[in-house]
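Asker: Going by my numbering, the first residue of the sequence shown is number 332, and it counts up by one from there.
Every residue gets a Cβ at the ideal spot worked out from N, C-alpha and C, and that includes glycine.
Got a structure here, written out as structure tokens. Questions coming.
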Amino acid sequence: MTAIPFLTPRMPAAADVATDVAAIWQSGTFTNSGPVEHLFERALADFIGGEVGVAVTSNATTAIMLASGALMHGDRPHVLIASFTAAAVPLAARWSGFAPLLVDVEPETWQPDAGKAEQFLEREGHNVAGIILTNTFGTANPDIERWEAIATRFSLSLVVDSAAGWGSQYPWGERLGRRGDCEIFSFHATKTMAVGEGGAVATRNTDIVEAINRLKNYGFDADRRSQLAGLNGKLPEVASAIGLRQLATFESRIERRRAVLGCYKSHLEEIGCCFQTAVMQSAPPFVSVALPHGVSRRRVGEALDDSGIGWRAYYNPPIHRQPSFAGVRTLDELIVTEDLADRMLSLPLDDELSEADVVRVARAVARGMDAGQR
């Protein structure tokens, strides 16, 4: 029985990358905003479309740190973040000098709850420095315009964390990358758009692009004097070259992955699994479903293990249950977050998965569900 791994990083052909590496060696420029980086940034902006600029970074966590530090009220303690997200997000806020303030998510979209956030801001908006809005699992938040209105109403910066969302679309067809004050993307090896390690800040505001480019280079001005509290967040030329290669085939890869995702949706909804709203307009690195209430995820996991199929339980534990965030303030009891964290199951999604592979995964999930009725 051939194993189906949870993630299989998809990179350009090694021979193609070797050609790019040879050209970089010949140029003698390996980093520090080289010509390949600039080509990559322009290609990323063209992919998003519209009037948008892009600054690439060493990774998405660094991108969130730089954006938070550049845009948010430094004299206020809290940044509003969902608890149902990756630890990188609140950790980036901490490194930027802010304390996470955790909000619940909505049961169908799995996105941060705008209503609860707005109610809190009406009471304590003066204590909030800004909002880091996660597009959960890289799926676009259908309430993004409401969040933008909330940020405007309370004069808060809105950093949209679209780490896993490169290539995803909002419900009206707009690609991620043009919302909030800026959007953050990850190009980690585990993402659909992968360069190994890398990230980007996309924004319609040219001043923000300039600020990020300065901050990722120690806050240097034109005379190499550190004017801002920056750091080293630059992307090497080799990573940029890999990114250009990835973009050349990315459209066709999205189509293929959405076809596989649709196959999953057809088979798993039949047995009671729930998918995230708007998931079919995403470009996710894996498939996430909420198991039916009363089913033991442990037993489903055992069935997958027995079948040689990789899986994960994102985001479990959620942020408020992780040791480094003990005592972090929450807006409420995070009931939906707790429920989803206990039922969430993430499954393999790869360019090369066949329908037979998806059926094999679905049958293993079904066996585990039958064995694991709590």
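Looking at Ala424 and Ser389, is the spacing between their C-beta atoms short of 8 Å?
Answerer: Translated into the one-based positions of the sequence shown, residue 389 becomes position 58. Translated into the one-based positions of the sequence shown, residue 424 becomes position 93. Between Ser389 and Ala424, the CB-CB gap reaches or exceeds 8 Å.
Asker: In angstroms, rounded to a whole number, what distance separates the CA positions of Val367 and Leu635?
Answerer: By one-based count along the sequence shown, residue 367 stands at place 36. By one-based count along the sequence shown, residue 635 stands at place 304. Straight-line Cα distance between these residues: approximately 42 Å.
Asker: Is it a yes or a no for the region 566 to 575 touching the region 599 to 611, going by three-plus beta-carbon pairs under 8 Å?
Answerer: no
Asker: Report yes if the C-beta distance between Arg341 and Asp682 is below 8 Å; otherwise report no.
Answerer: Here residue 341 refers to the residue found at position 10 when the sequence shown is read from its first residue. Here residue 682 refers to the residue found at position 351 when the sequence shown is read from its first residue. Their beta carbons are under 8 Å apart, which means Arg341 touches Asp682 by this criterion.
Asker: Assuming the contact rule is C-beta atoms closer than 8 Å, Val383 and Ala376 should be a hit. Round their C-beta distance to whole Å, please.
Answerer: If you number the sequence shown from 1, residue 383 lands on position 52. If you number the sequence shown from 1, residue 376 lands on position 45. Their Cβ separation, rounded to whole angstroms, is 5 Å, which keeps Val383 and Ala376 in contact under 8 Å.
Asker: With 16 other CB atoms within 10 Å as the buried threshold, where does Gly441 fall?
Answerer: Residue 441 sits at position 110 when you count from the first residue of the sequence shown. Note that residue 441 corresponds to Trp in the displayed sequence, not to Gly. Buried.
Asker: Between Met332, Ala334, Leu338 and Ala702, which lies nearest to His519 when the distance is taken from Cα to Cα?
Answerer: Numbered from 1 along the sequence shown, position 188 holds the residue referred to as residue 519. Across the set Met332, Ala334, Leu338 and Ala702, the C-alpha of Leu338 shows the shortest separation from the C-alpha of His519.
Asker: On the DSSP bridge list, what partners appear for His409?
Answerer: Here residue 409 corresponds to residue number 78 of the sequence shown, with the count starting at 1. Per DSSP, the beta-bridge partners of His409 are Ala430 and Val459.
Asker: Please report the straight-line C-alpha distance between Gly658 and Leu432, rounded to a whole angstrom.
Answerer: Sequence index remark: in the sequence shown, residue 658 carries index 327 (1-based). Sequence index remark: in the sequence shown, residue 432 carries index 101 (1-based). Approximately 11 Å, taken between the alpha carbons.
Asker: So what does DSSP say about Thr339, is it helix, strand or coil?
Answerer: Start at 1 with the first residue of the sequence shown, and residue 339 comes out as number 8. Of the three classes helix, strand and coil, the one that applies to Thr339 here is coil, per DSSP.
Asker: Just how far apart, CA to CA, sit Cys706 and Ala621?
Answerer: Since the displayed the chain opens at 332 and closes at 705, residue 706 lies outside it and no answer follows.
Asker: Which runs of the beta strand (DSSP E) fall wholly inside the region 532 to 602 and span at least 3 residues, in chain order?
Answerer: As far as the region 532 to 602 is concerned, it has no whole beta strand (DSSP E) run of at least 3 residues.
Asker: Looking at C-alpha atoms only, which residue of Ser597, Gly550, Ala374 and Tyr645 is the closest neighbour of Asp670?
Answerer: For the purposes of this step, residue 670 is taken as the residue at position 339 of the sequence shown. Answer by Cα proximity: Tyr645.
Asker: Mind pulling the alpha helix (DSSP H) runs of 4 or more residues that sit fully within the region 341 to 369?
Answerer: 345 to 358
Asker: Select from Ala495, Pro654, Leu546 and Val591 the residue whose C-alpha is nearest the C-alpha of Ala401.
Answerer: Translated into the one-based positions of the sequence shown, residue 401 becomes position 70. Put simply, of Ala495, Pro654, Leu546 and Val591 the residue whose alpha carbon is nearest the alpha carbon of Ala401 is Leu546.
Asker: With distances taken Cα to Cα, identify the nearest neighbour of Thr712 among Asn472, Thr333 and Ile515.
Answerer: With the chain covering only 332 through 705, there is no way to say anything about residue 712.
Asker: Am I right that Leu680 and Pro615 are in contact with their C-beta atoms under 8 Å? What's the rounded C-beta distance?
Answerer: One-based indexing of the sequence shown puts residue 680 at position 349. One-based indexing of the sequence shown puts residue 615 at position 284. Contact holds; Cβ gap of about 6 Å.
Asker: Let me know the secondary structure DSSP gives Val690 once reduced to three states.
Answerer: Counting from 1 along the sequence shown, the entry for residue 690 is found at position 359. The answer is helix: DSSP assigns Val690 an H, G or I state.
Asker: What ranges does the alpha helix (DSSP H) occupy inside the region 596 to 642, keeping only unbroken runs of at least 4 residues that lie completely in it?
Answerer: 628 to 637
Asker: Enumerate, from N- to C-terminal direction, the unbroken alpha helix (DSSP H) stretches of 4 or more residues contained entirely within the region 450 to 525.
Answerer: 475 to 484
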